[in-house]
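Participant:
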Amino acid sequence: MKNILFVLVVLNVLFFSNLFVAAQSNVTISDRQNSLLETLPPDQRESILIKMRQAGKLQSELEETFEEATNTIDRPEQKILTDEEKAEYLEESRDWIYGYEQFQTSPTT
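Just so you know, we're using my numbering here: the sequence shown kicks off at 15 and counts up by one.
1) For the stretch 39 to 71, which segments carrying the alpha helix (DSSP H) assignment without a break, of at least 4 residues, lie completely within its bounds, in sequence order?
2) From Lys-65 to Glu-78, what does the alpha carbon distance come to, in whole angstroms?
3) Can you give the Cα-Cα distance for Arg-46 and Thr-53, rounded to whole angstroms?
4) Out of curiosity, what's the CA-to-CA distance linking Glu-75 and Ile-18?
5) Would you check if the distance between the CB atom of Ile-62 and the CB atom of Leu-72 is smaller than 8 Å?
6) Helix, strand or coil: how does DSSP classify Ala-37 here?
7) What did DSSP end up calling Ile-18 once you bin it into helix, strand or coil?
8) Provide the residue span of the alpha helix (DSSP H) that contains Lys-93, from first to last.
9) Taking only three categories from DSSP, how would you classify Tyr-103?
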């Protein structure tokens with residue numbers, strides 16, 4: 015019985031210490047958020063602080079993702095045509111899907 019209790023205590027300590035280490039990040043808390051935290055009881059303050067840091071970290075990851083992502087791709091087969099080639103292309107494309115040549119970029123989603 016003592017062994018089981020000891021194992022449970024050790025597992026709880028490891029689990030909760032991991033939460034506190036994960037919550038400590040480089041995300042800064044503003045003065046306004048700090049003043050709101052001071053109004054909370056101490057037991058709620060820590061859990062809210064952890065959630066605020068996690069939200070800040072997620073927000074920065076989202077900003078990085080949207081800055082890097084592009085949502086249009088140029089079609090690789092696009093080339094510059096001479097007047098003769100353009101006339102031939104227009105003649106061939108009469109029976110194609112309407113508007114196909116108007117959309118040179120297409121969304122990736």
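All C-beta atoms, glycine included, are put in the ideal place defined by N, C-alpha and C.
Facilitator: Taking the geometry as given:
1) Runs of the alpha helix (DSSP H) inside the stretch 39 to 71: 45 to 52.
2) Within the sequence shown, the letter at position 51 stands for residue 65. Within the sequence shown, the letter at position 64 stands for residue 78. If you take the alpha carbons of Lys-65 and Glu-78, they lie about 20 Å apart.
3) If you number the sequence shown from 1, residue 46 lands on position 32. If you number the sequence shown from 1, residue 53 lands on position 39. Cα to Cα, Arg-46 sits roughly 11 Å from Thr-53.
4) As a position in the sequence shown, residue 75 is number 61, starting the count at 1. As a position in the sequence shown, residue 18 is number 4, starting the count at 1. Computed Cα separation, rounded: 41 Å.
5) Here the question's residue 62 lines up with position 48 in the sequence shown. Here the question's residue 72 lines up with position 58 in the sequence shown. If you check the CB distance, Ile-62 and Leu-72 do not come in under 8 Å.
6) Translated into positions along the sequence shown, residue 37 becomes position 23. Since pLDDT at Ala-37 reaches only 48, below the 50 mark, its modelled position is unreliable, and the value read off the structure follows with that caveat. It is helical.
7) Taking the sequence shown and counting its residues from 1, the one referred to as residue 18 is at position 4. Of the three classes helix, strand and coil, the one that applies to Ile-18 here is helix, per DSSP.
8) Here residue 93 is taken as the residue at index 79 of the sequence shown, counted from 1. If you look at Lys-93, you'll find it isn't in any alpha helix (DSSP H); DSSP assigns it neither H nor E.
9) Stepping through the sequence shown from its first residue, residue 103 is reached at position 89. Tyr-103 sits in a helix when the DSSP states are folded into three classes.
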